[in-house]
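Per our numbering, the first sequence starts with residue 17, numbered consecutively. For glycine and all other residues, C-beta sits at the position ideal for the given N, C-alpha and C.
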Amino acid sequence: MPKAKKIVDKEKNVSKKVVKKIKIEKQKDEPLVLQNLRGMKDVLPQDQAYWEQARRVAERLARDYGFSRIDVPLLEFSNLFTRNIGGGTDIVEKEMYSFVTRGGDKVSLRPEMTAGICRSFIQHGMHTLSRPVKLFSIGPVYRYDRPQEGRYREHYQANFDAFGEDDPILDAQMIQMAHRLTHCLGLKSIQIQVNSIGCGVCKKDYNNLLVSYLESKKTKLCQDCKRRLEINPLRVLDCKEDKCSQVAATAPQAVDHLCEDCRVHFKTLLEYLDELDLPYTINPRLVRGLDYYTKTVFEIWSGSEEGKKYSLGGGGRYDKLVKIMGGEDTPAIGFAVGLERVIAEMKRVQAKSYKPMKPRVFLAQLGGLAKKKSLRLFSELEKNGILTAESFGRGSLKSQLKIANRLGVELTLILGQKETLDGTVIIKNMTTGVQETVSMEKLVDIIKKKLKTDNVIVYHNHEESLI
RNA sequence: GUGGCUAUAGUUUAGUGGUAAAACUCGGGUUUGUGGUACCUGCGUCGAGAGUUCGAUUCUCUCUAGCCACCCCA
Numbered sequence: 017m018p019k020a021k022k023i024v025d026k027e028k029n030v031s032k033k034v035v036k037k038i039k040i041e042k043q044k045d046e047p048l049v050l051q052n053l054r055g056m057k058d059v060l061p062q063d064q065a066y067w068e069q070a071r072r073v074a075e076r077l078a079r080d081y082g083f084s085r086i087d088v089p090l091l092e093f094s095n096l097f098t099r100n101i102g103g104g105t106d107i108v109e110k111e112m113y114s115f116v117t118r119g120g121d122k123v124s125l126r127p128e129m130t131a132g133i134c135r136s137f138i139q140h141g142m143h144t145l146s147r148p149v150k151l152f153s154i155g156p157v158y159r160y161d162r163p164q165e166g167r168y169r170e171h172y173q174a175n176f177d178a179f180g181e182d183d184p185i186l187d188a189q190m191i192q193m194a195h196r197l198t199h200c201l202g203l204k205s206i207q208i209q210v211n212s213i214g215c216g217v218c219k220k221d222y223n224n225l226l227v228s229y230l231e232s233k234k235t236k237l238c239q240d241c242k243r244r245l246e247i248n249p250l251r252v253l254d255c256k257e258d259k260c261s262q263v264a265a266t267a268p269q270a271v272d273h274l275c276e277d278c279r280v281h282f283k284t285l286l287e288y289l290d291e292l293d294l295p296y297t298i299n300p301r302l303v304r305g306l307d308y309y310t311k312t313v314f315e316i317w318s319g320s321e322e323g324k325k326y327s328l329g330g331g332g333r334y335d336k337l338v339k340i341m342g343g344e345d346t347p348a349i350g351f352a353v354g355l356e357r358v359i360a361e362m363k364r365v366q367a368k369s370y371k372p373m374k375p376r377v378f379l380a381q382l383g384g385l386a387k388k389k390s391l392r393l394f395s396e397l398e399k400n401g402i403l404t405a406e407s408f409g410r411g412s413l414k415s416q417l418k419i420a421n422r423l424g425v426e427l428t429l430i431l432g433q434k435e436t437l438d439g440t441v442i443i444k445n446m447t448t449g450v451q452e453t454v455s456m457e458k459l460v461d462i463i464k465k466k467l468k469t470d471n472v473i474v475y476h477n478h479e480e481s482l483i
């Protein structure tokens, strides 16, 4: 096949592909870099207990609050995000992982979950389901951001969305659930920040009001804020510069400029929250980064006293999003929590994590014949619910006992040449060192009895409580 | 995306312009069928690349990554 000719023939269409191909070829020659990509992190075995805990709690709460699990692709058409999250936001402007597929589709790794879930909601006609439609998902999202602790390019979110109900009681329940989540994970000093940024109408009105106010005080603002004024005036209220916060202090607040409907909605929400005894504070400056939010917005902070406030998760209403995307007019509210951040917090406060089961029995084998037999015996024990450790690859009994000791098992079974021929097994008590020989048939029963009389835990208990 | 600090075995840390140390961990062993000790032994292209130099892990530059602040957000 004359490659050169092919390229000439399709010159314009193919040139991009050729470039791509060359890049891939080039990469092949580069040395293998044994390092994860920037902002990507391995979840190592020693951390899995925390992850397990976080996932379990999220999944259980989702179930208890009536959410059904949904999983949507990591990859969607780029404009699903650019159109709905908001063109002016950082997420869309510079933090998306976007590329063109071989088929020419412009696609992006999801920078958040809600857009994909809304797409799925509309696509599958879920508005016909009994309302509210509550959906729960957990998985990675991607943002091409500069990494820092608690900020990764790939991070996991547990995401809750409820469609088709605009009653603020749902907002309250969502916030309650968010609080329960942190509580169940053993996190202390949690703060809930709530605010209302108004509906499509009053949100815009307020924005204009704020801009004209800030314009009038422009000279008193810091450099950054002058820039913010153009892009996202609400952010000025957040500035830490003294002179800016002075200006912000007297600035008009969104809460005071809500339309009647939004005002009542927010007031009712607060009444519900009072009823729930949640540690919430109204934060008139709370703004969220995505354009689609309306009315209620909230964040969960881990408030380390006067120290840094750290956002673990956040959410809010997006009553117009489904309609904007082309679905039935459906009010909705969502909440997402960042698992890495929650886990970092669990570690910080030394919350107890789920402890995986440890084997209490070790199986040691000696000699070729015994080695063969041991494989079957291991399976036999497993079928009977006896979690057994082994080190089949090791030869000497000495090294196997060393491992058994390190694992802290209570019993070690020794299967050697002699025992294999006799159809017996030696059971060694690792604390006392006493050992006895028992027949293969009775082995399982004897082990069960021994583990039980040595009191403690019922093994293979999959129903361990979460809290 | 902007600025600052950092980078030595799996981990935590020494150290030097001239063949790299310790502790812990891990693997193997101390006469071949018995474990927490002790002893012996193995494991590093000193983050990557280039430059200065007779010679660089050490000095310079670039890159990469991590952390911190900003920004933003989960």
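Three or more pairs of CB atoms, one per stretch, sit closer than 8 Å, so the region 272-292 contacts the region 206-219.
Within 10 angstroms of the beta-carbon of LYS150 lie 16 or more other beta-carbons, which makes it buried. Taken in chain order, the complete alpha helix (DSSP H) segments of 4 or more residues contained in the region 343-388 are 355-364.
Pairing GLU231 with MET56 gives a Cβ-Cβ distance that is not under 7 Å. Restricting attention to alpha helix (DSSP H) runs no shorter than 4 residues, the region 154-219 encloses them at 184-200, ordered along the chain.
Excluding its 5 nearest sequence neighbours in each direction, LYS339 has C-beta neighbours in its own chain below 8 Å: ASP345 and THR346, listed in chain order.
Put simply, the backbone Cα of ARG376 is about 38 Å away from that of PHE83. For GLN451, the secondary structure class from DSSP, reduced to helix, strand or coil, is strand. In this structure, the straight-line span from the alpha carbon of THR448 to that of ILE430 is close to 16 Å. Scanning its chain for C-beta atoms nearer than 7 Å, with the 5 sequence neighbours on each side dropped, one finds around LYS242 the residues LYS234, in chain order.
For TYR309, the closest of ARG71, LEU437, SER455 and CYS218 by C-alpha to C-alpha distance is CYS218. In the DSSP annotation of this structure, VAL88 is not part of any alpha helix (DSSP H), being labelled neither H nor E.
Exclusion of the five residues before and after ALA131 leaves LEU96, PHE97 and ASN100 as the residues of its chain whose Cβ lies within less than 6 Å of its Cβ. The alpha-carbon separation between ASP182 and TYR288 amounts to approximately 14 Å. One alpha carbon belongs to SER390, the other to LYS468, and they sit about 24 Å apart.
Contact annotation, LEU186 with ILE86: C-beta distance approximately 18 Å; criterion of less than 8 Å not satisfied. Secondary structure of LEU292 (DSSP, three-state): helix.
When C-alpha distances from ARG79 are compared across ARG118, ALA174, SER124 and VAL123, the shortest belongs to ALA174.
Around ALA420, the same chain offers PHE378 and THR428 as residues with beta carbons nearer than 6 Å, after the five sequence neighbours per side are excluded. Here DSSP, grouped into helix, strand and coil, assigns GLY102 to coil.
Partner residues in the beta bridge of VAL313, as assigned by DSSP, are ASN211 and GLY332. Within the DSSP bridge table, the entry for TYR326 names SER318 as partners.
The DSSP-derived three-state label of ALA267 is coil.
The straight-line gap separating the alpha-carbon atoms of MET341 and GLN262 is approximately 40 Å.
Its Cα nearest to that of ARG392, the residue MET456 stands out among MET456, ASN248, GLY330 and ARG422. Between VAL441 and VAL454, the beta carbon gap of about 6 Å places them in contact (Cβ cut-off 8 Å). According to DSSP, residue pairing for PHE115 in a beta bridge involves VAL123. Residue range 404-406 is occupied by the beta strand (DSSP E) that includes GLU406.
The beta-carbon distance between MET373 and LEU328, rounded to whole angstroms, is 29 Å. This is too long to meet the 8 Å contact definition. Around the beta carbon of PRO61, fewer than 16 other beta carbons lie within 10 angstroms, which makes this residue exposed. The straight-line gap separating the alpha-carbon atoms of ASN299 and LEU145 is approximately 35 Å. Straight-line measurement puts the Cα of THR198 at about 13 Å from the Cα of SER369.
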